[in-house]
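This report refers to the structure that appears directly beneath it.
Structure representation (structure tokens):
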């Protein structure tokens, strides 16, 4: 497993691959890789000649009171996951490599970044868009793979890729879940045993929403109320949001015509978890 | 002279050139090309295998009261300039090709975009950074050529290219002037005969600033006062700014240590013209 820490070395590798007419798949991550990431790497390896995984805990996408310092890290474990799932290279830069002195450029978006996680994390998506732009320019992939768990992020990256004319195909990949339904997340590591049990309420709530939809409920107020009620049964849960939104615009809708996304963000103790489910016939 | 209007066709051409291992030089313009643009094209043709000139009057960089609708255009003339000076391709997209429905992403910058033209044109550089990001992603040049006449823009593009990790070298090229000193600009077209004569005051003022500097004046207040006095002799001139700034940060300085940029923006009648001169030993 080749590990590259500088932009210069990364560019040289990319140049060699492109000169050899090889396609590049890219999986941007913040590390502490789990089976969700592994599924992205495997899909990239199936579709592309070479797979680059970036591991970078991006300070710009954390708010001042968020968990930047405590975000879990384990590069040795991550190397193993990358190797076993078919990646050829890990891009693992220091913060100073991506944000040199005098750094002052930003990529931002109207619309899609409002609502859902954008409400409680107002600067988050500016950090995501900026770092993904940088990583796209450094890795120059043909395809980039993102998890559907971060549904708003995926919609934003798709929009940004079109808007800024990146010559890159964005591939969204399904959520990977624990046997009880909990969506895999590096932040699950924060949960103690009691909290881990409680965290089941997110997927349980979403499944109730999906059942209602499958029973022809199209009124989003009714769906949200049922999801909220299930999550609120859990004493350790504090709801940030329960929303039903248009899957393209990420804006709340009152009635579901074709498809919708039901998305939740819930604090379990101090840990903020997100999850979502697609509602469509 | 090949003229391409769609992103798709541009990408295909770029792919063919890159597959043939040819380097691409890029000259982004708003068209109505003059000898300043021609000098950029010639330099690109000297340094690169293929030269792309984009011609796009970018609505996003015009303020609501500015001259978007009246901005001069002459694509037939522009084709000739491109051909004569060594370009192979003109990228000439419609507005709807670069800004499709739902467009909502932006590239912005702190610091460098404040002051000088950023003060009277607050959204201008957001539009410049966004469209240049798009054009860089579409044309994927090895080198991009910009005129020193737009000194703040050049500094911003250099900063953005580093910050967002574009694999592109930015080349700044000298100002081209009329025999009387007037910096070439597509907007000179707006000037009637009387205004054209009056417009001499910009370069005349800057030259007085340079003379003072060459006579060891290092106090920027003295330099600005002399430049302003010369420009103000011209009854048709209304000064937007006269500034002496650090050439990297574009922030005003009081005393010149090594080098500085003296920059002016002046309305001649209704036409806003800019010019600048580098002060260094």
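Protein chains in written order, with this note's numbering: chain A, 39 to 319; chain B, 39 to 319. Virtual Cβ for every residue (Gly too), placed ideally from N, Cα, C.
As assigned by DSSP and simplified to three states, the class of residue i
| i | result |
| --- | --- |
| residue 269(A) | helix |
| residue 86(A) | coil |
| residue 141(B) | coil |
| residue 304(A) | strand |
| residue 114(A) | helix |
| residue 202(B) | coil |
| residue 264(A) | helix |
| residue 309(A) | strand |
| residue 290(A) | strand |
| residue 275(A) | strand |
| residue 119(B) | helix |
| residue 52(B) | helix |
| residue 280(B) | strand |
| residue 221(B) | strand |
| residue 61(B) | coil |
| residue 241(A) | helix |
| residue 103(B) | coil |
| residue 187(A) | coil |
| residue 152(A) | coil |
| residue 124(B) | coil |
| residue 159(A) | coil |
| residue 75(A) | helix |
| residue 97(A) | helix |
| residue 108(A) | coil |
Contact test: residue i Cβ vs the ligand MN heavy atom, cutoff 7 Å
| i | result |
| --- | --- |
| residue 314(A) | No copy of the ligand MN occurs in the structure displayed, which carries no ligand at all. |
DSSP beta-bridge partners of residue i
| i | result |
| --- | --- |
| residue 66(B) | 92(B) |
| residue 208(A) | 182(A) |
| residue 227(B) | DSSP output for residue 227(B) lists no bridge partner at all. |
| residue 147(A) | 143(B) |
| residue 129(A) | 42(A) and 92(A) |
| residue 316(B) | 299(B) |
| residue 166(A) | Paired residue(s): none; residue 166(A) is not in a bridge. |
| residue 215(B) | 221(B) |
| residue 257(A) | 293(A) |
Exposed unless 16 or more other CB atoms sit within 10 angstroms - verdict on residue i
| i | result |
| --- | --- |
| residue 258(A) | buried |
| residue 69(A) | buried |
| residue 217(A) | exposed |
| residue 301(B) | buried |
| residue 43(A) | exposed |
| residue 103(B) | exposed |
| residue 118(B) | exposed |
| residue 101(A) | exposed |
| residue 187(B) | buried |
| residue 57(A) | exposed |
| residue 190(A) | buried |
| residue 114(A) | exposed |
| residue 116(A) | buried |
| residue 133(A) | exposed |
| residue 296(A) | exposed |
| residue 289(B) | exposed |
| residue 160(B) | exposed |
| residue 107(A) | exposed |
Proximal residues of chain D, C-beta to C-beta of residue i below 8 Å
| i | result |
| --- | --- |
| residue 95(B) | No chain D is present in this structure, whose protein chains are A and B. |
Quick test of the definition: if touching needs 3 or more C-beta pairs under 8 Å, does the segment 265 to 274 of chain A touch the segment 139 to 149 of chain A?
Taking 8 Å as the limit for Cβ pairs, the verdict is that the segment 139 to 149 of chain A does not touch the segment 265 to 274 of chain A.
Can you pull out the residues from the segment 151 to 183 of chain B whose beta carbon lies closer than 9 Å to at least one beta carbon of chain A?
Correct list: 151, 167, 168, 171, 172, 173, 174, 175, 176 and 178.
Against chain A: residues of the segment 193 to 219 of chain B by CB proximity under 8 Å:
Taking 8 Å as the Cβ-Cβ cut-off, the segment 193 to 219 of chain B approaches chain A at 197, 198, 200, 201, 202, 203, 204 and 205, given in chain order.
Along the segment 52 to 70 of chain B, where does the CB come closer than 9 Å to a CB of chain A? Name the residues.
Under the 9 Å Cβ criterion, the segment 52 to 70 of chain B contributes 52, 53, 56, 57 and 59.
Taking a cut of 9 Å between CB atoms, which residues from the segment 126 to 141 of chain A lie near chain B?
Identification of residues in the segment 126 to 141 of chain A having a C-beta nearer than 9 Å to some C-beta of chain B yields 136, 137, 138, 140 and 141, given in sequence order.
Using a beta-carbon distance cut-off of less than 7 Å, what residues from the segment 274 to 287 of chain B approach chain A?
Cβ contacts with chain A: none found.
Per the contact definition of three or more C-beta pairs closer than 8 Å, is the segment 230 to 249 of chain A in contact with the segment 172 to 187 of chain B?
A contact between stretches requires three or more CB pairs, one per stretch, nearer than 8 Å, and the segment 172 to 187 of chain B fails this requirement with the segment 230 to 249 of chain A.
Can we say the segment 129 to 144 of chain A touches the segment 201 to 212 of chain B, given the rule of at least three CB pairs closer than 8 Å?
The answer is yes - the segment 201 to 212 of chain B touches the segment 129 to 144 of chain A, with three or more Cβ pairs under 8 Å.
Across the segment 301 to 311 of chain B and the segment 209 to 216 of chain B, are there enough close Cβ pairs to call them in contact, namely three or more that are closer than 8 Å?
No, the segment 301 to 311 of chain B is not in contact with the segment 209 to 216 of chain B.
Members of the segment 287 to 301 of chain A near chain B, C-beta cut-off 9 Å:
Of all residues in the segment 287 to 301 of chain A, the ones placed with a Cβ closer than 9 Å to any Cβ belonging to chain B are 287, in chain order.
For the pair the segment 271 to 285 of chain A and the segment 249 to 263 of chain A, tell me if three or more CB-CB distances fall below 8 Å.
Touching, yes.
Taking a Cβ distance cut-off of 7 Å, strictly less, list which residues of the segment 78 to 93 of chain B are near chain A, in chain order.
Flagged: no residues at all.
Does the segment 77 to 90 of chain A touch the segment 112 to 127 of chain A, meaning 3 or more C-beta pairs lie closer than 8 Å?
Counting Cβ pairs under 8 Å, three or more are found: they touch.
The segment 224 to 239 of chain A: which residues have C-beta closer than 9 Å to a C-beta of chain B, in chain order?
Against chain B - using a Cβ distance shorter than 9 Å - the segment 224 to 239 of chain A contributes no residues.
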